[in-house]
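Enquirer: Chains as they are written, first to last, in the working numbering: chain W, 4 to 368; chain C, 4 to 368; chain H, 2 to 346; chain D, 2 to 346. For each residue, glycine too, the CB sits at the ideal point set by N, CA and C. Fair warning: this is a prediction, and the values are worked out from it, not measured in the lab. I am attaching a structure below and will ask some questions about it afterwards.
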Amino acid sequence: MTGFRQAQSPDAKSPEAQSPDAPSPDPEAPAGSHTVTLSMQQALNRALDEVLAENPRAVIFGEDCGRLGGVFRITDGLQAKHGASRVFDTPLAESGILGMSVGLAMAGFHPIPEVQFDGFAYPAINQIVCQMARMNYRSRGALPMPITLRVPSFGGIRAPEHHSESLEALFAHVPGLKVVSPSNPHEAYHLLKYAATRPDPVIFMEPKSRYWQKGDVDLRAADTPDAGPPTGAKVMRHGRHITLVAWGAMVARCLQVADLAAEDGIDVEVLDLRWLKPIDAEALVASVRKTRRAVVVHEAPLTSGLGAEVAQLITQGCFDTLKAPVERVTGFDVPYPSGDLEDEYIPNIDRILFGIQRVLEYRRG
Amino acid sequence: MTGFRQAQSPDAKSPEAQSPDAPSPDPEAPAGSHTVTLSMQQALNRALDEVLAENPRAVIFGEDCGRLGGVFRITDGLQAKHGASRVFDTPLAESGILGMSVGLAMAGFHPIPEVQFDGFAYPAINQIVCQMARMNYRSRGALPMPITLRVPSFGGIRAPEHHSESLEALFAHVPGLKVVSPSNPHEAYHLLKYAATRPDPVIFMEPKSRYWQKGDVDLRAADTPDAGPPTGAKVMRHGRHITLVAWGAMVARCLQVADLAAEDGIDVEVLDLRWLKPIDAEALVASVRKTRRAVVVHEAPLTSGLGAEVAQLITQGCFDTLKAPVERVTGFDVPYPSGDLEDEYIPNIDRILFGIQRVLEYRRG
Amino acid sequence: MDTLPLPDDGTAAAPPTPDELRELYSLMAAVRRLDASAVAWQRQGVIPGYAPELGQEAAQVGSGYAVDTSRDFVFPTYREMGVARAMGVDMVEYMSTHKATWHGGLYDPKTSRLAPIQAVVAGSVLHAVGWAHGQTLDGSDAVAMTYLGDGASSQGDVHEAMNFAAVMKAPVVFFVQNNGWAISVPTERQVAGGSVAARGAGYGIPALQVDGNDVLAVLEATRRAFVHCRSGNGPVIIEAMTYRRGPHSTSDDPGRYRSLDEERDGAGEDPLRRFRQQLLSAGLADEAFFARAEASAAAEAEMVREGLEALGPRPGSEMFDLVFQETTPALQSQSASWREESEHV
Amino acid sequence: MDTLPLPDDGTAAAPPTPDELRELYSLMAAVRRLDASAVAWQRQGVIPGYAPELGQEAAQVGSGYAVDTSRDFVFPTYREMGVARAMGVDMVEYMSTHKATWHGGLYDPKTSRLAPIQAVVAGSVLHAVGWAHGQTLDGSDAVAMTYLGDGASSQGDVHEAMNFAAVMKAPVVFFVQNNGWAISVPTERQVAGGSVAARGAGYGIPALQVDGNDVLAVLEATRRAFVHCRSGNGPVIIEAMTYRRGPHSTSDDPGRYRSLDEERDGAGEDPLRRFRQQLLSAGLADEAFFARAEASAAAEAEMVREGLEALGPRPGSEMFDLVFQETTPALQSQSASWREESEHV
Ligand SMILES: Cc1ncc(C[n+]2csc(CCOP(=O)(O)OP(=O)(O)O)c2C)c(N)n1
Ligand SMILES: Cc1ncc(C[n+]2csc(CCOP(=O)(O)OP(=O)(O)O)c2C)c(N)n1
Ligand SMILES: [Mg+2]
Ligand SMILES: [Mg+2]
């Protein structure tokens with residue numbers, strides 16, 4: 004089933020609830036500025052539009068990506084603008100979509116396939132792991148795999164089963180894949196443009212609960228000489244007492260937590276990991292060397308989640324300075340529950356605050 | 004392609020190299036003893052034979068499991084003995100095999116499917132993750148999934164591509180699965196008998212490089228009142244200076260390392276994790292509280308591997324006593340290489356010794 | 002298209018009795034009403050989402066009605082409310098999945114003989130094959146029926162399921178509702194060759210294509226298929242040609258991919274109106290009957306609404322308790338800290 | 002079975018010339034010899050394993066010979082040594098995969114037009130569809146040919162590939178070698194309905210079943226299929242009925258699942274002997290020709306052996322350097338510590 008997002012956050016109730024059916028409005032750019040206000044859906048749509056315009060080998064396809072513009076409207080209008088051979092619908096088969104992507108890449112294209120929802124990446128895992136991630140290696144570099152796989156990801160929209168999954172730990176473990184997730188419209192625009200011009204396969208995990216949230220996008224950022232490409236992690240808020248590490252939709256939640264903690268005099272640094280593979284270990288260590296304490300937050304289940312890797316990288320790099328073991332505030336080791344229970348499952352503000360408290364109150368011995 | 008094991012370790016060269024085509028010999032039990040000497044292949048075969056005899060609802064199937072007895076002969080002779088409706092071949096489709104297992108479980112059977120090699124579990128991942136692991140939950144306990152999925156796993160046999168993979172981190176991350184791996188014939192016999200009588204889905208990862216290695220099997224062990232069921236981790240060698248944590252084929256290697264280290268006066272404890280989900284955190288903490296140092300060893304790639312979870316559980320439980328960050332000695336973040344390079348990839352004795360050294364020589368500051 | 006041979010003893014499945022015919026109509030009326038109500042409830046905020054089956058009442062009721070719930074087992078997708086209703090499943094427990102109470106629904110699949118609602122397209126076709134093979138092993142004559150759509154037919158699992166079923170002669174009815182659309186993609190850009198039933202020949206599986214808007218044709222085809230399966234002849238494919246008259250789900254906007262004209266042309270005759278005419282001309286029902294059916298459908302929908310409104314959220318502890326039959330230490334400790342941090346106990 | 006229509010202009014593919022016929026024989030002889038040698042080399046410890054294609058020379062050489070390596074692209078499994086040889090791939094680089102030097106082989110897939118050796122059963126059928134669709138997008142008339150076995154036909158990916166190819170009219174030849182066995186499982190317990198080609202009808206894909214032991218029939222079928230694909234008519238399925246005369250691989254023991262009598266009955270006529278007779282009776286070759294072909298096959302096998310023996314292991318650094326086009330810090334540091342700990346530098 005497709006997302007019931009629209010239904011669950013009706014326009015009247017939530018600032019996030021711009022209708023997915025609304026056409027992408029023109030960027031509301033103040034005169035003379037390079038900054039526009041866009042929702043993440045608009046930012047992604049704009050990035051794809053530009054990628055198609057700049058690279059004649061880029062092609063976009065997936066279930067309902069063409070005429071409908073995708074169930075989240077990320078590819079809205081692109082078929083009309085770039086033609087049905089650049090942007091097209093496929094039959095309903097995810098292994099087919101990924102296998103076809105591998106073949107198109109072998110023919111010199113840059114495929115940008117979409118898997119409609121996180122949970123429907125599983126039927127494509129064989130092609131992702133055994134083929135897309137290995138063809139460059141197997142062919143000794145002769146057949147690169149410049150494939151950008153977009154996956155609307157994570158929970159928080161009261162969706163049907165399998166529409167709220169977090170697969171980053173699985174993807175990050177697979178040799179030959181790179182994995183990235185944006186946390187806001189600005190990041191979405193730049194990370195997608197960057198990912199979709201790389202010669203290696205990138206899994207692009209879009210936090211679907213943030214699609215309709217607006218934010219400022221500086222369209223130049225990645226072009227300015229000192230900015231450099233959007234690789235590595237990014238400090239979203241500087242702080243001195245503790246580092247919160249997060250990605251995707253959890254970054255905004257951690258920023259909220261930081262505001263609340265500030266009221267109690269706790270100065271929280273928030274690090275948006277952005278790249279889930281390769282992980283920016285240097286940035287983790289730099290932050291925690293300073294704060295000496297860390298909590299990592301993710302929606303995926305605890306056990307063998309990416310939080311373990313992040314925690315271990317921090318421990319490895321900051322063993323001497325760390326004042327407490329790194330805490331993990333994550334989803335539980337249970338199947339993602341139905342809407343009624345999802346607020347119990349996803350790390351909420353309380354649980355993150357408890358995690359911070361445990362770290363701050365940790366006493367040796 | 005099937006394993007080229009037989010070819011790579013010809014009988015003359017290696018003690019591990021009993022031909023996979025040899026019929027299972029009768030257990031060579033000294034009179035009056037309950038201990039028999041078996042290879043892991045024989046121990047697994049015996050366990051399955053007994054499970055079939057004891058549980059009329061148990062059925063075994065997969066590619067070449069019936070008449071051939073499996074490419075590793077684990078089901079050798081079972082079709083002849085228990086009949087072709089209890090032990091049978093399926094068409095060549097792993098998703099089909101797992102999907103059928105789910106249906107058989109819904110009909111009250113205890114399926115014991117085989118996936119021929121680790122890498123061919125990927126086509127079945129969708130059925131494993133979205134169906135087998137969730138049906139009990141989805142049905143609110145009405146449709147339990149007593150499925151024991153046997154997967155010949157890990158590397159070390161100079162096999163073709165996709166025949167040497169370590170999927171434990173993936174499986175351990177999936178809510179609703181339990182995961183276990185035996186390290187020797189005794190463990191293989193008891194863990195398989197235990198796993199195959201559980202009401203929940205268990206992934207049983209068989210270290211294929213150990214199939215032909217013989218060892219003593221005490222057939223009673225799990226029956227004796229004080230032994231209890233084979234749950235949790237197991238100390239395979241007691242030591243005072245450092246804990247090596249491993250599973251599957253790496254346990255034997257760690258025991259070798261411990262012998263070598265002992266020559267240098269280093270007293271190594273070797274913990275066989277056995278259950279990769281649920282992980283026996285208590286045993287990890289108990290061991291490292293004593294040794295104050297740990298190295299975790301696995302064949303899977305480093306990033307987001309199960310070693311991160313193990314390291315984090317140790318750090319969490321032993322933060323005060325730990326003398327150095329937990330080291331991970333693992334496969335690299337590269338696709339499992341071809342035979343010529345596999346000794347470079349799998350943690351070898353040198354690399355584990357280096358890891359021990361790094362931990363022992365760690366100095367704060 | 003019909004390649005299903007007559008039964009060995011030459012007898013066809015029994016035709017429906019007048020009482021059965023009236024019951025079929027009442028079921029279709031109840032389903033139509035409940036379906037329309039569910040869409041309204043979604044707009045009113047009673048439920049967060051719903052996948053309507055408007056136009057598919059004949060296909061669903063006709064096939065579900067053929068099931069013998071004392072032995073058979075049915076594997077639905079996410080759109081088989083009509084099948085569930087025809088099988089007698091509790092409708093509050095069924096609709097609870099659309100209230101986001103519990104994925105799969107609250108009904109007991111074992112007693113109702115309906116597997117949990119399945120959100121993975123083609124996710125359960127293989128389960129039907131496994132379950133059916135279990136019947137063969139048990140010497141039972143029970144049949145598995147699995148539902149799938151035109152879109153689902155593209156999934157590899159459907160191929161594996163048909164091949165497994167045919168190789169093992171498993172008693173499975175593959176019931177395809179070809180409703181013209183998979184979200185925004187029409188059948189002609191989805192199903193190469195144009196028909197899922199036509200694929201049966203390639204597996205040696207007998208197949209029928211039926212008018213999915215004709216409840217009697219659907220019922221007859223399904224009964225014939227069950228007879229075939231029960232006698233140990235292996236699987237059958239039924240492709241019911243119908244039309245998804247509504248949106249894919251309450252968050253879909255069909256105006257983006259099909260015009261109202263196209264809808265009118267594609268939808269064909271309304272299955273309810275058609276069956277009503279048949280009953281009228283056969284003298285098997287009168288206006289009073291239809292009025293009663295309508296009234297009882299309305300009353301039923303109202304009861305379901307009340308039941309849904311009364312339905313509270315499940316306790317969060319179920320998240321942990323229902324994962325396994327035998328729980329684990331990690332789950333116990335996560336459950337305990339959840340209780341502490343979220344319920345503050 | 003043959004549902005492939007004649008080309009629009011009524012012309013069939015060109016028949017092979019006498020020189021071509023002799024070249025075909027020489028290729029088959031070379032392949033037979035190399036195959037037998039590889040099995041021997043495995044026994045001698047030169048290579049750790051091998052998957053013989055004894056008996057499939059006609060199917061492989063006949064189809065591979067039809068490929069135009071200036072534009073087409075071929076997607077093999079793990080058993081297509083004969084195809085590779087017919088396409089002119091360097092045999093040391095090809096066989097290096099069986100020496101465990103590099104998964105996929107050392108040959109350059111781009112210049113040789115042969116995708117890397119594929120160990121996942123049915124793993125590459127979809128790649129062929131994607132590559133072929135790329136040709137359509139580029140306005141090229143190049144064709145993709147993908148190989149699969151009777152066992153592979155059970156995989157869901159094959160269904161998805163055929164459906165995608167037919168929906169998109171992609172220029173793909175699905176070349177099925179039905180060699181009677183998938184390791185220990187015979188075709189009749191694998192392929193429901195009995196024929197992979199027969200499945201074409203369900204997708205609207207024209208299909209041919211040919212005698213896979215008749216190199217001329219195979220060549221003609223493949224050439225016809227290529228003509229069909231090049232003209233924008235979409236995919237074709239060819240099922241070459243042949244027999245795996247040897248073990249599945251050098252670690253297999255066929256005696257466990259089939260008797261020598263069964264092998265004799267199933268194998269049919271030897272494709273080499275048969276073609277030899279044809280050439281003799283047509284007066285196109287004499288004993289001297291066959292002796293020369295045999296001698297040159299032997300010389301070639303000897304050269305391949307020498308090449309393989311001379312082939313050292315790849316440097317371990319390639320493990321790290323070939324993962325990505327753009328490497329990562331983690332890989333660089335792992336590579337450095339590998340170098341330190343393993344090469345002690
Ligand atoms: C494996 C998988 N992929 C994608 C989806 C998203 N999705 C839900 S329904 C649907 C269309 C299904 O079409 P069809 O099978 O014809 O059934 P219908 O919705 O018409 O009843 C899609 C693409 C899904 N639920 N599962
Ligand atoms: C996905 C997958 N499953 C299982 C295997 C193990 N395996 C290798 S070859 C083979 C049989 C293949 O049979 P077929 O497709 O008929 O090809 P043939 O070997 O006869 O050439 C099997 C089961 C594999 N390589 N890949
Ligand atoms: Mg449909
Ligand atoms: Mg075969």
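What I want to know is whether the C-beta of H:Asn-180 ends up closer than 7 Å to one or more non-hydrogen atoms of ligand 3.
Expert: The residue you call residue 180 of chain H lines up with position 179 of the third sequence. Result yes, Cβ under 7 Å from ligand 3.
Enquirer: Please tell me whether C:Glu-209 and C:Ser-156 are closer than 8 Å, where the distance is taken between their beta carbons.
Expert: Against the second sequence, residue 209 of chain C aligns to sequence position 206. Against the second sequence, residue 156 of chain C aligns to sequence position 153. Yes; because the gap between Cβ atoms is below 8 Å, this pair is in contact.
Enquirer: Counting only C-beta atoms, is W:Ser-27 closer than 8 Å to chain H at any point?
Expert: Along the first sequence, one-based indexing puts residue 27 of chain W at 24. Model confidence at W:Ser-27 stands at a pLDDT of 42, short of 50, so the residue's coordinates are unreliable and nothing is read from them.
Enquirer: Could you pull out every residue in the same chain whose Cβ sits closer than 8 Å to the Cβ of D:Arg-315, ignoring the five residues on either side in sequence?
Expert: Counted from its first residue, the fourth sequence places residue 315 of chain D at position 314. Thr-102 and Trp-103.
Enquirer: Assign C:Thr-5 to one of three DSSP states: helix, strand, or coil.
Expert: As a working mapping, residue 5 of chain C is identified with position 2 in the second sequence. Interpretation of C:Thr-5 is limited by its pLDDT of 36, a score under 50 that renders its predicted location unreliable; the figure taken from the coordinates is listed afterwards. C:Thr-5: coil per DSSP, three-state reduction.
Enquirer: On a CA-only basis, which of W:Tyr-339, W:Val-248 and W:Val-273 is nearest W:Glu-1? Give me that one, please.
Expert: Since the first and last residues shown for chain W are 4 and 368, residue 1 of chain W lies out of range.
Enquirer: Hey, could you find the ends of the alpha helix (DSSP H) W:Ile-355 is sitting in?
Expert: Start at 1 with the first residue of the first sequence, and residue 355 of chain W comes out as number 352. From DSSP, the alpha helix (DSSP H) with W:Ile-355 extends over 352-363.
Enquirer: Taking a contact to mean a Cβ-Cβ separation below 8 Å, would you say W:Ser-186 touches W:Thr-246 in this structure?
Expert: The residue labelled residue 186 of chain W in the question sits at position 183 within the first sequence. The residue labelled residue 246 of chain W in the question sits at position 243 within the first sequence. Cβ atoms of W:Ser-186 and W:Thr-246: not closer than 8 Å.
Enquirer: Ligand 4 and D:Asp-151: does the residue's C-beta get closer than 7 Å to at least one heavy atom of that ligand?
Expert: Against the fourth sequence, residue 151 of chain D aligns to sequence position 150. Yes.
Enquirer: So what's W:Ile-77 in DSSP terms, helix, strand or just coil?
Expert: Counted from its first residue, the first sequence places residue 77 of chain W at position 74. Coil at W:Ile-77, not helix or strand.
Enquirer: For H:Tyr-1, go through chain D and note every residue whose CB falls closer than 7 Å to its CB, in chain order.
Expert: In the structure as shown, chain H begins at 2 and stops at 346. Residue 1 of chain H is therefore absent and cannot be evaluated.
Enquirer: Compute the distance between the beta-carbons of C:Gly-368 and C:Thr-333, then report whether it is under 8 Å.
Expert: Numbered from its first residue, the second sequence carries residue 368 of chain C at position 365. Numbered from its first residue, the second sequence carries residue 333 of chain C at position 330. No. Outside cutoff.
Enquirer: Counting only beta-carbon separations shorter than 8 Å, does W:Gln-315 have a partner in chain C?
Expert: By one-based count along the first sequence, residue 315 of chain W stands at place 312. Cβ-Cβ to chain C under 8 Å: yes for W:Gln-315.
Enquirer: As a quick exercise: from C:Leu-51, C:Glu-345, C:Phe-357 and C:Thr-40, pick the residue whose alpha carbon is nearest that of C:Lys-196.
Expert: For the purposes of this step, residue 196 of chain C is taken as the residue at position 193 of the second sequence. The shortest C-alpha separation from C:Lys-196 is found at C:Leu-51.
Enquirer: If you measure between the beta carbons of D:Ser-1 and D:Pro-8, is that distance less than 8 Å?
Expert: Nothing in the structure corresponds to residue 1 of chain D, since chain D is present only between 2 and 346.
Enquirer: With three or more beta-carbon pairs closer than 8 Å as the criterion, would you say the segment 288-299 of chain H touches the segment 17-35 of chain H?
Expert: Because the criterion of three Cβ pairs below 8 Å is met, the segment 288-299 of chain H and the segment 17-35 of chain H touch.
Enquirer: For the segment 150-172 of chain H, enumerate the residues whose C-beta is nearer than 8 Å to any C-beta of chain C, in chain order.
Expert: For the segment 150-172 of chain H, which is checked against every Cβ of chain C, the residues closer than 8 Å are Gly-157, Asp-158, Glu-161, Ala-162, Asn-164, Phe-165 and Val-168.
Enquirer: According to DSSP, is W:Ile-349 helix, strand or coil?
Expert: On the first sequence, position 346 is the one that residue 349 of chain W refers to. DSSP places W:Ile-349 in coil when its eight states are reduced to three.
Enquirer: H:Val-148 lies in the beta strand (DSSP E); which residues open and close that run?
Expert: Against the third sequence, residue 148 of chain H aligns to sequence position 147. As written in the sequence, residue 148 of chain H is Tyr, which differs from the Val given in the question. Run containing H:Tyr-148: 145-150, per the beta strand (DSSP E) assignment.
Enquirer: What does DSSP give as the partner residues of W:Val-177 in its beta bridges?
Expert: Stepping through the first sequence from its first residue, residue 177 of chain W is reached at position 174. Looking at the DSSP assignment, W:Val-177 forms no beta bridge with any residue, so it has no partner.
Enquirer: Note down the Cα distance separating D:Phe-321 from D:Gln-333, rounded to an integer number of angstroms.
Expert: The residue given as residue 321 of chain D occupies position 320 in the fourth sequence. The residue given as residue 333 of chain D occupies position 332 in the fourth sequence. Cα to Cα, the separation comes out at about 8 Å.
Enquirer: Grab the span of the beta strand (DSSP E) containing W:Met-208 for me, first residue to last.
Expert: On the first sequence, residue 208 of chain W is found 205 positions in, with the first residue counted as 1. Start and end: 205-210.
Enquirer: Exposed or buried, which one is D:Asp-112 when buried takes at least 16 other CB atoms within 10 Å?
Expert: Here residue 112 of chain D refers to the residue found at position 111 when the fourth sequence is read from its first residue. Checking the sequence, you will find Thr at residue 112 of chain D rather than Asp. Looking at its Cβ environment, which holds fewer than 16 other Cβ atoms inside 10 Å, D:Thr-112 is exposed.
Enquirer: Figure out for me which residue from C:Lys-326, C:Ile-355, C:Lys-181 and C:Pro-340 has the closest Cα to the Cα of D:Ser-338.
Expert: Counting from one through the fourth sequence, the residue named residue 338 of chain D turns up at place 337. Taking only the C-alpha atoms, the option nearest D:Ser-338 is C:Ile-355.
Enquirer: Taking Cβ positions only, does C:Arg-367 come closer than 8 Å to chain D?
Expert: For the purposes of this step, residue 367 of chain C is taken as the residue at position 364 of the second sequence. So no, C:Arg-367 is outside the interface.
Enquirer: Say whether chain C places a C-beta atom closer than 8 Å to the C-beta of W:Phe-357.
Expert: Against the first sequence, residue 357 of chain W aligns to sequence position 354. Chain C contact via Cβ: absent.
Enquirer: For H:Glu-327, which residues of its own chain have a beta-carbon under 8 Å away from its beta-carbon, when the five flanking residues on both sides are left out?
Expert: By one-based count along the third sequence, residue 327 of chain H stands at place 326. No residues qualify anywhere along the chain.
Enquirer: In angstroms with no decimal places, state the Cα-to-Cα distance between W:Ala-261 and C:Ser-42.
Expert: Numbered from its first residue, the first sequence carries residue 261 of chain W at position 258. Numbered from its first residue, the second sequence carries residue 42 of chain C at position 39. When rounded, the distance between both Cα atoms is 58 Å.
Enquirer: Just the chain H side, please: which residues come within less than 7 Å of C:Tyr-140 by C-beta, in chain order?
Expert: Locating residue 140 of chain C in the second sequence gives position 137, counting from the first residue. Leu-323 and Val-324, listed in chain order.
Enquirer: By Cβ distance below 7 Å, which residues in the same chain neighbour H:Pro-6 in space, the five residues on each side in sequence not counted?
Expert: The sequence position of residue 6 of chain H within the third sequence is 5, counting from 1. Around H:Pro-6: Pro-207.
Enquirer: I'd like the ranges of any alpha helix (DSSP H) spanning at least 4 consecutive residues and lying wholly in the segment 258-297 of chain H.
Expert: You should have 261-268 and 272-282.
Enquirer: When burial is assigned at 16 or more other CB atoms within 10 Å of the CB, is C:Ile-359 buried or exposed?
Expert: Position 356 of the second sequence, counted from the first residue, corresponds to residue 359 of chain C. Counting Cβ neighbours within 10 Å, C:Ile-359 comes out buried, since at least 16 surround it.
Enquirer: When we look at the beta-carbon of H:Ser-71 and count the other beta-carbons within 10 Å, is it buried (16 or more) or exposed?
Expert: Within the third sequence, the letter at position 70 stands for residue 71 of chain H. Under this definition H:Ser-71 is an exposed residue.
Enquirer: Following the continuous alpha helix (DSSP H) through D:Pro-110, name the residue where it begins and the one where it ends.
Expert: As a first step, residue 110 of chain D is located in the fourth sequence; it is residue number 109 there, counting from the start. Residues 110-113.
Enquirer: What is the rounded straight-line gap between the Cα of H:Trp-367 and the Cα of H:Ile-48?
Expert: Coverage of chain H is limited to positions 2 through 346, which leaves residue 367 of chain H absent and any answer about it impossible.
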